[in-house]
Structures are given as C-alpha cells and as structure tokens.
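Chemist: Input: one structure, supplied below.
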Amino acid sequence: KPIEILVQETLDKLADPKLECAADVKDFYRTWMDAVWNYQCPSMLFDFYTKDIHVYRENGDDCVGIFAVVKEVAAIQAAFPDMKIRVASMVVNGDPENGYQVWARTYFNGTNLGYSKYGPPTGKKLEGDLCMNLDMLKLEQIGGKWQVVQESLMRSARILREVMGGPHNIKV
C-alpha cells in the first residue's frame, strides 16, 4: 500500500482506541509507536500524553511537559530522518477501570543523516539491537480519553550520542 494510505489507516485506528484487554493495549502501543516513529508523526504524542507528563529518563535526563517530549522526539527524528522503531517485546498488566501498566523493549534503527545537538550528520547507523529502549508507562482514562500519566524510559543513550558524533566519555 502507498505510505499515505498506511499513515491514514494508522491515524484512523488511533482516533478512539478501545482498550478493553491486554491484547488491545499491545495493539494500541505498536500502532502508536508506528505513527510517532515509523511514520514520523510526533504530533501524535499530544493525543496520548498528559500536558504535564514527566518522563523519567536515564541519567536524570528527564523530559518534563508534553512540549519537552515532542521536542526530544522531533530532534531525534531530525537527526535520523529514516528512523524506525521495532517493538521486540511487551508485557501489559491492568484493566480498563484501573488503567494499564505497559513494559516494552524496543529498538531504534536509522542513519544519522541530519544535524543533531552534537553537530553535522555522521552517516553512522543504528542497526539491529544496537540502540535498545526500555519503556515503562501507565495508561489511564482521563475524561473518557486514554492518556499516559507516567513514564520511565531508558535507552542506549551512549550509543545514540556516539552515532550522532557526541562525546564518548560523559560522566554521570
């Protein structure tokens, strides 16, 4: 199918997700990651994060507020315009009344073809299992809409930084 149709089908699927069981949540998460990363639609973050979200990150490099989260994702996508995410595994616990906890292991793949905060593109690649992300989030219904109310995210920050030409020896 043409990319325009795939993107539209993905956006339609996310328009009003019905999360009635763990399988629904897994399908939602994969579809949402497709929209945000594989189809380069970081604006989809606005639809499912609370505006005051605090994403706890490795080394205290947190994102506070939805605009900080979108800025971070857009910066990575600018540096890696061919970025794709692969959801390798996922565990979901919870129910529609109390919300869901999602634990996911994902991998980034792409080439540093764009500028980053570290400077010009390096042409280096993230491939295979080189750049792992561990995502732990809590989904709750707020005003009848599913929202991420809490998230902890750890990724292979050193690898990502090195591929973008950043320093190799940052001490934390």
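Per my numbering, residue 63 is the first one in the sequence shown, and the count goes up by one each step. Cβ coordinates follow ideal geometry from the N, Cα and C atoms, glycine included.
1. Whole-angstrom Cβ separation of I147 and M194, contact assumed at under 8 Å?
2. Are there three or more Cβ pairs, one per stretch, closer than 8 Å when the stretch 149 to 163 is compared with the stretch 126 to 140?
3. What number of angstroms, rounded off, separates the C-alpha of K80 from the C-alpha of G185?
4. To the nearest angstrom, report how far apart K187 and D86 are at their CA atoms.
5. From this set, A141, R217, Q102 and G206, which residue's C-alpha is nearest G122's C-alpha?
6. Any idea if F129 is buried or exposed, counting beta-carbon neighbours within 10 angstroms, 16 or more meaning buried?
7. Below 7 Å CB to CB, which residues in the same chain sit around E82 once its five sequence neighbours on both sides are set aside?
8. In this structure, how does DSSP classify K88 when only helix, strand and coil are distinguished?
9. From what residue to what residue does the alpha helix (DSSP H) around F250 run?
10. Tell me the residue span of the alpha helix (DSSP H) that contains A140.
11. Which word fits A141, buried or exposed, when buried means at least 16 other C-beta atoms lie within 10 angstroms of its C-beta?
12. Rounded to the nearest angstrom, what separates V126 and L107 at their Cα positions?
13. How far does the alpha helix (DSSP H) with K187 in it reach, from first residue to last?
Modeler: On the basis of the data shown:
1. If you number the sequence shown from 1, residue 147 lands on position 85. If you number the sequence shown from 1, residue 194 lands on position 132. Wrong, their Cβ atoms sit about 11 Å apart, outside the cutoff.
2. no
3. For this step, residue 80 is matched to residue 18 along the sequence shown. For this step, residue 185 is matched to residue 123 along the sequence shown. Cα-Cα distance, rounded: 41 Å.
4. Position 125 of the sequence shown, counted from the start, is the residue given in the question as residue 187. Position 24 of the sequence shown, counted from the start, is the residue given in the question as residue 86. Whole-angstrom Cα-Cα distance: 33 Å.
5. Taking the sequence shown and counting its residues from 1, one reaches residue 122 at position 60. Considering only alpha carbons, the answer is R217.
6. On the sequence shown, residue 129 is found 67 positions in, with the first residue counted as 1. Counting Cβ neighbours within 10 Å, F129 comes out exposed, since fewer than 16 surround it.
7. Numbered from 1 along the sequence shown, position 20 holds the residue referred to as residue 82. Hits under 7 Å: P158.
8. Sequence index remark: in the sequence shown, residue 88 carries index 26 (1-based). Helix at K88.
9. A question about residue 250 goes unanswered here, because the residues of the chain that appear run from 63 up to 234.
10. For this step, residue 140 is matched to residue 78 along the sequence shown. Here the alpha helix (DSSP H) through A140 covers I128 to A141.
11. On the sequence shown, residue 141 is found 79 positions in, with the first residue counted as 1. The residue is buried, with at least 16 neighbouring Cβ atoms inside 10 Å.
12. Your numbering for residue 126 matches position 64 in the sequence shown. Your numbering for residue 107 matches position 45 in the sequence shown. Rounded to whole angstroms, V126 to L107 spans 13 Å at the Cα level.
13. The residue labelled residue 187 in the question sits at position 125 within the sequence shown. Premise fails: K187 lies in the beta strand (DSSP E), K187 to I204, not in any alpha helix (DSSP H).
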